[in-house]
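Student: In my numbering, the protein residues as written are 174 to 693.
Where is the CB? At the ideal position from N, CA and C, for every residue including glycine.
None of these values were measured; they are calculated from a predicted model.
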Amino acid sequence: MIPQLNRRLVNMRPIAHSLVLFCLLAACTPNEGNNPVCTSGCLIGTVCYPNGVLNPANPCQVCRAAASASTWSNNDGASCDDQLFCTTSDACTGGVCSGVARNCADAIGCNGVESCDEGAEACVAGTPTCDTNQVCELASDACVTTCTGCAIGGVCYGDGQVNPTDSCLVCTPGSSTTAWTNHDGASCDDGLFCTVADTCASGICSGGARDCADAIACNGVESCDEGAEACVAGTPTCDADEICDTAHDACVATCTGCVIDGTCYGAGQLNPPNACLVCTPGTSASTWTNNDGASCDDGVLCTVSDTCAGGSCSGVTQACDDAVACNGVEMCDEGTGECLAGTSTCATNEICVESQDLCSCPGCLIGGVCHLGAESNLADECQVCNPASSTDGWSIHPRCGCPCFASVQVLRDNLAILNTQYTGGSTCENFTSGSLITVGFFRPGCTSSTCGGWFLTAGSYDYDDPITMQRTPRRQCAMYDCYDGPPPPTVENPDITAIQMNDCVSFLTAFATEQACPGF
174 MIPQLNRRLV NMRPIAHSLV LFCLLAACTP NEGNNPVCTS GCLIGTVCYP NGVLNPANPC
234 QVCRAAASAS TWSNNDGASC DDQLFCTTSD ACTGGVCSGV ARNCADAIGC NGVESCDEGA
294 EACVAGTPTC DTNQVCELAS DACVTTCTGC AIGGVCYGDG QVNPTDSCLV CTPGSSTTAW
354 TNHDGASCDD GLFCTVADTC ASGICSGGAR DCADAIACNG VESCDEGAEA CVAGTPTCDA
414 DEICDTAHDA CVATCTGCVI DGTCYGAGQL NPPNACLVCT PGTSASTWTN NDGASCDDGV
474 LCTVSDTCAG GSCSGVTQAC DDAVACNGVE MCDEGTGECL AGTSTCATNE ICVESQDLCS
534 CPGCLIGGVC HLGAESNLAD ECQVCNPASS TDGWSIHPRC GCPCFASVQV LRDNLAILNT
594 QYTGGSTCEN FTSGSLITVG FFRPGCTSST CGGWFLTAGS YDYDDPITMQ RTPRRQCAMY
654 DCYDGPPPPT VENPDITAIQ MNDCVSFLTA FATEQACPGF
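1. Name the one or two DSSP bridge partners that LEU474 has.
2. Just to confirm the assignment, what range does the beta strand (DSSP E) spanning ALA264 have?
3. Just tell me which of ALA401, ILE325, VAL405 has its CA closest to the CA of CYS385.
4. Does the stretch 370-377 come within contact of the stretch 391-403, defined as at least 3 CB pairs closer than 8 Å?
5. Alpha carbon to alpha carbon, how far is ALA352 from ALA298?
6. Between the C-alpha atoms of GLY472 and PRO346, what's the straight-line distance to the nearest angstrom?
7. Along the chain, which unbroken stretches of the beta strand (DSSP E) at least 3 residues long are found entirely within the stretch 415-455?
8. Tell me which residue opens and which closes the beta strand (DSSP E) that VAL497 is part of.
9. Put GLU291 into one of helix, strand or coil per three-state DSSP.
10. Which word fits THR408, buried or exposed, when buried means at least 16 other C-beta atoms lie within 10 angstroms of its C-beta?
11. Confirm, please, whether the CB-CB distance from THR354 to SER360 is below 7 Å.
12. Go ahead and pull the three-state DSSP assignment for HIS356.
13. Where CYS378 and ILE389 are concerned, what is the direct C-alpha to C-alpha distance, given to the nearest angstrom?
14. Give the straight-line distance between the Cα atoms of CYS236 and ASN464, rounded to the nearest whole angstrom.
15. Nearest to LEU257 by CA position, among CYS417, VAL369, SER246, GLY292, is which residue?
16. Who are PRO223's beta bridge partners in DSSP?
17. Look at the alpha carbon of THR300 and the alpha carbon of GLY214, and state the distance between them as a whole number of angstroms.
18. Look at the alpha carbon of PRO535 and the alpha carbon of ASP314, and state the distance between them as a whole number of angstroms.
19. Give the range of the beta strand (DSSP E) segment to which PRO232 is assigned.
20. Mind checking who ILE377 pairs with in its DSSP beta bridge?
21. Less than 8 Å between the CB atoms is what I'm expecting for GLU287 and CYS296, so what's the real figure, rounded?
22. For the beta strand (DSSP E) containing ALA274, list its first residue and its last residue.
23. Among the candidates CYS283, ASN276, GLY282, ALA280, whose CA atom is the shortest distance from the CA of CYS289?
24. Can the beta-carbon of CYS437 be found closer than 7 Å to that of ASP418?
25. Between the C-alpha atoms of GLY282 and VAL526, what's the straight-line distance to the nearest angstrom?
26. Could you tell me the alpha carbon to alpha carbon distance between ALA230 and LEU216, rounded to whole angstroms?
27. Here's the rule: buried if 16 or more other CB atoms are within 10 angstroms of the residue's CB, otherwise exposed. What is HIS421?
28. Whole angstroms is fine: what's the gap from GLY400's alpha carbon to PRO446's?
29. The beta strand (DSSP E) that contains ASP398, what's its start and end?
30. Quick one: using the 10 Å Cβ neighbour count with 16 as the cut-off for buried, is GLY272 buried or exposed?
Have a look at this one:
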């Protein structure tokens with residue numbers, strides 16, 4: 174699910190507050206006309222900006238005095254946010270923030286072509302390509318007439334599958350097979366900075382109010398600013414001739430640190446809404462000082478190694494390229510911060526072999542589609558791609574037809590002989606596992622679990638005479654196709670222990686193997 178986010182310019186958080194609203198004493202000197210002159214920054218309009226400070230109205234412009242001391246310079250290559258959900262990897266180019274189109278493709282053909290909805294801030298499914306009496310089954314990418322999950326909008330969603338555009342809705346066939354069910358109690362993201370612990374309730378995502386209290390009384394009551402996506406200080410409670418000493422939570426007449434906007438900050442204390450500004454009394458006791466070189470968080474998920482420079486936080490674009498061309502161009506999803514796979518450049522009858530960076534089919538080319546080795550036929554679970562047997566057709570799955578798979582008749586025809594010749598008994602309980610026939614008769618990959626199991630079944634028959642095939646209702650070692658579970662309980666025969674039963678299973682499976690697969 175891609176959360177619906179309220180996109181905002183993260184880099185537009187307060188850069189230096191009053192720092193950029195008046196001529197800095199450290200950067201200005203009076204001239205003969207008593208007008209401020211900017212000696213170490215950029216004098217733009219009537220404001221002197223220190224070198225490296227971003228344009229408060231445009232993070233893609235920066236003060237670079239060496240390039241121009243009177244105009245903004247382009248901040249090309251810097252990460253930014255164009256406030257559009259449908260673009261990712263936003264970066265500054267020519268002083269403008271822009272990104273590449275978000276890749277919404279889900280690699281499923283039958284549900285149509287996905288597109289990005291800027292208004293809903295989500296990737297939305299296209300129009301299914303199936304006939305009117307069919308639905309698109311996402312798991313198999315096939316048009317089917319029946320859906321075991323939820324058939325919604327012409328698409329078949331599996332049990333437990335979340336609505337791709339709303340994580341507070343889920344497919345629950347037990348509640349409805351034709352509509353989404355509320356995913357109450359699930360975690361979600363309502364896209365608001367000022368809420369936390371977001372949870373689904375009645376199909377809607379919401380959270381509790383963010384606690385911005387800093388446990389300091391003299392600086393007023395803090396509040397959450399959704400626009401700035403930050404907690405902001407309140408109005409100090411001190412008298413006009415006092416300041417709030419945040420280190421001691423007291424109104425004082427003098428401050429040994431920095432007095433900024435009526436509040437006393439200790440040396441080394443960071444600006445609460447901007448970690449790239451710090452109180453450094455040795456530089457300025459009345460304004461924030463750039464905290465250049467410090468680690469920070471620019472709020473952009475697709476940047477890494479975020480660092481303070483010029484009082485602003487920025488990072489380098491996250492590298493998603495895996496150096497493999499045939500699997501397409503990877504990109505970072507700003508909604509999740511994760512790298513998204515690109516669209517394969519291979520034809521439909523090929524796949525991208527990433528280890529070789531080649532488009533080919535190392536498995537089975539069936540019906541113009543390449544299937545990897547061991548990949549099952551979604552339309553028939555007893556068929557599998559086995560390049561060793563065929564590279565252009567399905568092979569029988571080992572569970573359903575491996576060479577060691579004997580028929581019931583093989584055991585019936587030889588059960589009495591087996592009993593008489595090898596044990597002298599007429600039941601399975603006296604067989605000892607591996608005493609005569611060992612598991613060496615199994616073909617590689619064929620075991621009692623992959624080829625089925627032989628076990629005692631209460632109430633069935635055992636043969637006494639191999640010639641007349643007379644039988645009495647005792648018990649028989651019977652085979653169950655593709656059975657992985659434990660043997661059924663032998664309520665009728667409590668004298669058969671679990672160990673004896675397992676011995677019987679192992680022995681008769683090996684015997685049947687020899688009969689069906691001589692030489693293996």
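Tutor: A quick look at the data gives this:
1. If you number the sequence shown from 1, residue 474 lands on position 301. Answer by DSSP bridge pairing: none, since LEU474 is not bridged.
2. Position 91 of the sequence shown, counting from 1, holds the residue named residue 264. Element bounds for ALA264: 260-266.
3. As a position in the sequence shown, residue 385 is number 212, starting the count at 1. Comparing Cα-Cα distances from CYS385 to each of ALA401, ILE325, VAL405, the minimum goes to VAL405.
4. no
5. Your numbering for residue 352 matches position 179 in the sequence shown. Your numbering for residue 298 matches position 125 in the sequence shown. Computed Cα separation, rounded: 16 Å.
6. In the sequence shown, residue 472 corresponds to position 299, counting from 1. In the sequence shown, residue 346 corresponds to position 173, counting from 1. So the alpha carbons of these two residues sit roughly 39 Å apart.
7. 416-418, 423-425, 431-433, 436-438, 447-451
8. In the sequence shown, residue 497 corresponds to position 324, counting from 1. From DSSP, VAL497 is part of no beta strand (DSSP E); its letter is neither H nor E.
9. Sequence index remark: in the sequence shown, residue 291 carries index 118 (1-based). GLU291: coil per DSSP, three-state reduction.
10. The residue given as residue 408 occupies position 235 in the sequence shown. That one is exposed.
11. Here residue 360 refers to the residue found at position 187 of the sequence shown. Here residue 354 refers to the residue found at position 181 of the sequence shown. Contact: no.
12. By one-based count along the sequence shown, residue 356 stands at place 183. Three-state result, HIS356: coil.
13. Within the sequence shown, residue 378 is the residue found at index 205, counting from 1. Within the sequence shown, residue 389 is the residue found at index 216, counting from 1. Distance between the alpha carbons of CYS378 and ILE389 is about 32 Å.
14. As a first step, residue 236 is located in the sequence shown; it is residue number 63 there, counting from the start. As a first step, residue 464 is located in the sequence shown; it is residue number 291 there, counting from the start. The straight-line gap from Cα to Cα measures roughly 17 Å.
15. Residue mapping note: residue 257 aligns to position 84 of the sequence shown, counting from 1. Residue GLY292 is the option with its Cα nearest to LEU257.
16. Start at 1 with the first residue of the sequence shown, and residue 223 comes out as number 50. According to DSSP, PRO223 bridges with GLY214.
17. Numbered from 1 along the sequence shown, position 127 holds the residue referred to as residue 300. Numbered from 1 along the sequence shown, position 41 holds the residue referred to as residue 214. Roughly 56 Å separates the two Cα atoms.
18. Here residue 535 corresponds to residue number 362 of the sequence shown, with the count starting at 1. Here residue 314 corresponds to residue number 141 of the sequence shown, with the count starting at 1. Near 21 Å, if we compare the C-alpha coordinates of ASP314 and PRO535.
19. Taking the first residue of the sequence shown as 1, we reach residue 232 at position 59. First-last of the beta strand (DSSP E) with PRO232: 231-235.
20. As a working mapping, residue 377 is identified with position 204 in the sequence shown. For ILE377, which the question treats as bridged, DSSP gives the partners ALA374.
21. Here the question's residue 287 lines up with position 114 in the sequence shown. Here the question's residue 296 lines up with position 123 in the sequence shown. Right, their Cβ atoms sit about 6 Å apart.
22. Walking along the sequence shown from the start, residue 274 turns up at place 101. That run of the beta strand (DSSP E) goes 269-274.
23. Counted from its first residue, the sequence shown places residue 289 at position 116. For CYS289, the nearest C-alpha among the options comes from ASN276.
24. By 1-based counting over the sequence shown, the position of residue 437 is 264. By 1-based counting over the sequence shown, the position of residue 418 is 245. It is a contact, given that the beta carbons lie within the stated cut-off.
25. On the sequence shown, position 109 is the one that residue 282 refers to. On the sequence shown, position 353 is the one that residue 526 refers to. Rounded to whole angstroms, GLY282 to VAL526 spans 21 Å at the Cα level.
26. Reading the sequence shown from its first residue, position 57 is the one you call residue 230. Reading the sequence shown from its first residue, position 43 is the one you call residue 216. Taking the straight line joining both Cα atoms gives about 16 Å.
27. Position 248 of the sequence shown, counted from the start, is the residue given in the question as residue 421. With fewer than 16 other Cβ atoms within 10 Å, it is exposed.
28. By one-based count along the sequence shown, residue 400 stands at place 227. By one-based count along the sequence shown, residue 446 stands at place 273. Those two C-alpha atoms are separated by around 12 Å.
29. Your numbering for residue 398 matches position 225 in the sequence shown. Its beta strand (DSSP E) spans residues 396-398.
30. Against the sequence shown, residue 272 aligns to sequence position 99. Looking at its Cβ environment, which holds 16 or more other Cβ atoms inside 10 Å, GLY272 is buried.
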